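Before any comments, here is the structure.
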Amino acid sequence: MRVSSPQGRFAAGADHLDGRVCLDVEAYGKHLVYRFDGESYLHVHLGLFGRIKKRKLPAPEPVGAVRVRLEGDTHLVDINGPAICETLDGDGFQALTGRIGPDVARRCRSRTPFTGFRAAAPASAG
């Protein structure tokens with residue numbers, strides 16, 4: 022996958038991810054995580070003003086402040102104005118998912134992960 026930062030604010034992260042294979046994309050609550058080979062992750066939280074646009078190739082010129090452009094063989098994704106846009110390693114990914122806890126909207130076989138997380142959390146759930 023080709024990864025770039027037309028705006029320039031994510032240049033180091035784009036350089037780190039450029040050329041890697043994107044293995045998976047998952048949502049964790051309001052957080053979107055792209056998993057790449059080499060135990061590298063792109064963590065995105067759009068906040069109030071961010072947006073994601075998917076387009077067919079050939080790639081048009083970036084519109085607006087495109088923080089990250091992800092280009093595959095047939096499509097591209099532009100990520101504009103995210104509140105959080107960062108690369109993570111395996112430890113960083115584990116810290117992120119440990120901090121935000123399990124996504125209660127996901128189907129799981131057991132309620133144990135959520136109830137265990139809630140039991141350890143200091144604040145109320147409601």
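Taking the working numbering, the leading residue of the sequence shown gets 22, the next gets one more, and so forth.
For glycine and all other residues, C-beta sits at the position ideal for the given N, C-alpha and C.
Please read all numbers here as calculations on a predicted model, not as lab measurements.
Practice item. Thinking TYR55 and CYS43 are a contact (beta carbons under 8 Å), I'd like their distance in whole angstroms, please. Key: 6 Å
Practice item. Would you list the one or two residues that DSSP bridges to ARG165? Key: What the structure shows of the chain is the stretch from 22 to 147, and residue 165 is not part of that stretch, so it cannot be assessed.
Practice item. From the DSSP output, in three-state form, read off PHE31 for me. Key: coil
Review point. Excluding five sequence neighbours on each side, which residues of the same chain lie with their C-beta closer than 8 Å to the C-beta of PHE138?
Key: With a pLDDT of only 48 at PHE138, under the threshold of 50, the placement of this residue in the model should not be trusted; the figure read from the coordinates follows. So the list reads GLY122, PRO123, once near-sequence residues are dropped.
Practice item. Can you give me the Cβ contacts of MET22 inside the same chain, cut-off strictly under 7 Å, excluding the 5 residues immediately before and after it? Key: ARG41, VAL42, CYS43, LEU91, GLU92, GLY93
**Study point:** Terminal residues of the alpha helix (DSSP H) in which ARG120 lies
**Key:** 111-121
**Study point:** Unbroken beta strand (DSSP E) run spanning VAL54, endpoints
**Key:** 52-57
Point to revise | For ASP99 and VAL89, the rounded distance between their alpha carbons | key: 6 Å
Point to revise | Spatially closest choice to ASP45 from ALA35, PHE57, LEU67, by CA coordinates | key: PHE57
Review point. Ends of the beta strand (DSSP E) at LEU69?
Key: From DSSP, LEU69 is part of no beta strand (DSSP E); its letter is neither H nor E.
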